Each structure stands twice: as structure tokens, then as C-alpha cells.
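Residue numbers (this note's numbering): 24 to 160. From the three backbone atoms N, C-alpha and C, an ideal C-beta is built for every residue, glycine too. Computed from a predicted model, the values in this text were never measured in an experiment. I have placed the structure first, in the form of C-alpha cells, so that the comments after it can refer back to it.
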């Protein structure tokens, strides 16, 4: 029996959708294909407290997987909204002064800068602009 593998044209949007769907159905962890960019975004989410843990694992065929532990079995997820901002068809870049504040500072934006992926607050502190990847609340 052969499995159909769907390759998304936007792997970051796919990752965010899997996280959003996992939270909606009450899953405690999700698995997705590994990439460096996805791992960096997931680690920012973990550092900011929106997910519990990020692990690199292997599937049955030996391919790298990214396992994101959304929350512990007995707790509620702190994540209520996660959305892609810049898309492959319409990239959105901001300067330091234009970095948005999400939900009066309770949320974060992830920005891809010349010095790597970071939150909006870290980018403001380093006086960097870049591409708005996603917003999380």
C-alpha cells in the first residue's frame, strides 16, 4: 500500500496549519517533515512559551522529523491564534519602526532578519527589520 505524499508550496504555512489544527483537536504533540527554518520558528515558539518542547526525531524510513510538543497531557495550550503574514506570492517586509505589536504585547511576531530568525522584540532591540513570517497569540 503506497501513501500519497503531499508537498506543500509553502512549508511554513503547512507547519503553522498543523500546529493550529493540533491545538483545535486537543493533540499534545505533532510531527512534521524537518527543515532548518521550521526548527528555528518552532524554537522561537518554545522560547516564548507558546509550545512546550521541540525535538528532532526520525520516522520509520529514517527521514528527519520535527516533533513539536504543544502542551502536556493535563494542561491547556497557551496558543490561541497563529497565522502566516508574509506569503510566497506576497512577501511583507518591515523596518524596525514598523514591527507590529500583537495583542498589546501579549503576542509575538516572528521575523526573518539578516541575523537569523527572531521575535519582533529582539529585532527592535537589535534595530533590525526583515520579513514578517508569522504572528502568534
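According to DSSP, residues forming a beta bridge with residue i
{"i": "residue 55", "result": "89"}
{"i": "residue 135", "result": "140 and 154"}
{"i": "residue 118", "result": "Paired residue(s): none; residue 118 is not in a bridge."}
{"i": "residue 159", "result": "105 and 131"}
{"i": "residue 110", "result": "113"}
Rounded C-alpha distance that separates residue i from residue j
{"i": "residue 134", "j": "residue 85", "result": "31 Å"}
{"i": "residue 114", "j": "residue 81", "result": "32 Å"}
{"i": "residue 107", "j": "residue 148", "result": "23 Å"}
{"i": "residue 151", "j": "residue 75", "result": "28 Å"}
{"i": "residue 136", "j": "residue 83", "result": "35 Å"}
{"i": "residue 163", "j": "residue 144", "result": "The first residue shown for the chain is 24 and the last is 160, placing residue 163 beyond what the model contains."}
{"i": "residue 109", "j": "residue 139", "result": "16 Å"}
{"i": "residue 98", "j": "residue 48", "result": "14 Å"}
{"i": "residue 119", "j": "residue 155", "result": "11 Å"}
{"i": "residue 51", "j": "residue 131", "result": "22 Å"}
{"i": "residue 43", "j": "residue 123", "result": "21 Å"}
{"i": "residue 92", "j": "residue 59", "result": "17 Å"}
{"i": "residue 37", "j": "residue 95", "result": "23 Å"}
{"i": "residue 87", "j": "residue 70", "result": "22 Å"}
Element boundaries [beta strand (DSSP E), containing residue i]
{"i": "residue 102", "result": "Element bounds for residue 102: n/a, residue is neither H nor E."}
{"i": "residue 77", "result": "76-81"}
CA nearest to the CA of residue i, picked from the options
{"i": "residue 63", "options": "141, 154 and 155", "result": "141"}
{"i": "residue 102", "options": "54, 123 and 41", "result": "41"}
{"i": "residue 55", "options": "95, 98, 35 and 67", "result": "35"}
{"i": "residue 72", "options": "61, 100 and 38", "result": "100"}
{"i": "residue 129", "options": "159, 39 and 112", "result": "159"}
{"i": "residue 104", "options": "126, 87, 112 and 33", "result": "126"}
Enclosing alpha helix (DSSP H) for residue i [first to last residue]
{"i": "residue 145", "result": "143-148"}
{"i": "residue 151", "result": "First-last for residue 151: undefined, no H or E at that position."}
{"i": "residue 42", "result": "34-48"}
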